[in-house]
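Start counting at 1 in the sequence shown, then tack on 49, and there's your number in the numbering used here. Glycine included, every Cβ here is placed at the ideal spot set by N, Cα and C. Just so we're clear, the structure is a prediction, and the values are computed from it rather than from any experiment.
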Amino acid sequence: MPASSIPSFQTSPFPKTSPFSASPSITITAVARRHPRHGAPPPLRRPCRLRPPLPGTAFLGAAPRRRRPRLLSEPADSYDVTVDFAGNAYVTNAAANFIWKVNAKGEASIFSRSPVFTEYPVDRSSPYSFCGLNGILYISKGYLLAVQSNTGKMFKVDAEDGTARLVLLPRDLPWADGIAVRKDGIVVVVSQSKAWFLKSEDSWAEGAIFDETALEPEWFPTSVTMGGDQRVYVIYGHLEEGIFRKGEREAFSIEEIRSERESGEEKIWVYVLVGLGLSYFLFWRFQMKQLIKNLDKKTN
C-alpha cells in the first residue's frame with residue numbers, strides 16, 4: 050500500500066472522567082502492557098484496543114505512567130495489540146490481514162503485509178470466516194507470533210523488518226483468537242471451544258501442541274493472559290451477545306486453566322520424590338539396625 054494511502058492516527062487526550070469513555074458505543078476488545086526489560090518497572094504505555102460496534106473508526110488508547118492518557122484513532126478494522134520494549138504497539142487487522150505498527154508518538158504505518166498471510170484457503174461458508182489475523186504476541190527475542198482465526202495458522206513475524214513465515218505445527222488451531230506466553234516459554238492459544246498449550250525448541254520455526262483443554266463455547270472466550278507461578282487465565286468475553294445485541298451484560302468471568310499433562314507430570318515427580326525419601330528412610334533404618342547389632346556383639 051502506498052504511504053499516501055495509509056490512514057494516519059489522530060492523537061487527542063482522553064476525557065477526564067474515564068480513559069475509555071470517549072463514546073458510549075465503544076467496545077474494549079484488547080489490552081496490552083509494555084514489557085518490563087530485565088524485570089525493571091519502566092514507564093508503562095498501556096495501549097487498549099477499542100472498537101465501536103459499527104464499521105468506521107477503531108481506537109488505540111495509550112496510558113503512560115505519570116502522564117495524561119491519549120486516544121489514537123484509526124479508520125481500520127483492528128483486533129488485537131501487543132507492545133515491545135520500546136513502547137511500539139503492533140495491531141492486527143483481521144479483515145485485510147496485515148499488522149500495523151504504532152510508535153510511542155502515535156505515528157502509524159503498515160508494518161507487515163506479508164503474502165504468506167493470504168496463502169492458505171479459507172472456508173467462506175464457515176462462521177467468522179471474515180476474521181483473519183487476530184491474536185498477536187511480542188516475544189523478547191525480537192519477533193512476533195500471530196494467529197489467524199479463519200485458517201488456524203500461526204505466523205512468526207520479524208520485529209525489525211516485518212518479514213513473516215508460517216510456524217510449522219502438527220495441526221491447525223481452528224478459530225484461534227487470543228495468545229499469550231508464560232515465563233518458561235510455553236505459548237497458550239485460545240479459541241471459542243478450547244485452549245492449546247504449545248512449545249518450541251527452535252524459536253518457533255516449528256512448534257508442538259503438547260496439550261489442550263476444553264473451554265465453555267457459549268461464554269465465548271476471547272483472550273488469555275498469564276499470572277504468577279505459571280498460572281494461565283482465560284477471559285470469557287461473551288462476544289456473540291455483543292455482536293447480536295442479546296441484551297446488556299453486567300458481569301464477565303475469568304477462569305484459571307491448567308494443562309492436565311503438566312499436572313500429571315508434577316504428580317509423578319511428587320511420587321518419585323516420596324519414593325526416594327521412603328527408600329532412604331528404610332535404608333537408614335536398616336543401617337541403624339545393623340549398627341545396633343554390631344554394638345551388641347561387641348559389648349557381649
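Residue i (DSSP reduced to helix, strand or coil)
i	result
P266	helix
Y329	helix
E305	strand
T141	strand
K243	strand
G234	coil
V165	helix
D133	coil
R280	coil
K173	The question names Lys, but residue 173 is Arg in the sequence shown. Three-state result, R173: coil.
C-beta contact flag for residue i and residue j at 8 angstroms
i	j	result
A213	S163	yes
K205	V196	no
G211	F134	no
G184	A145	no
R334	M275	no
T131	Y187	yes
I228	L182	no
V273	E305	no
A257	K243	no
Environment of residue i [buried if 16+ CB atoms lie within 10 Å]
i	result
G136	buried
E270	In the sequence as presented, Glu is not what sits at residue 270; that position holds Pro. Counting Cβ neighbours within 10 Å, P270 comes out buried, since at least 16 surround it.
Y329	exposed
V239	buried
E261	buried
D129	buried
Residues that DSSP places opposite residue i in a beta bridge
i	result
A257	K248
R220	According to DSSP, R220 bridges with nothing at all.
V323	Paired residues: none, contrary to the question.
V196	M203
K190	Answer by DSSP bridge pairing: none, since K190 is not bridged.
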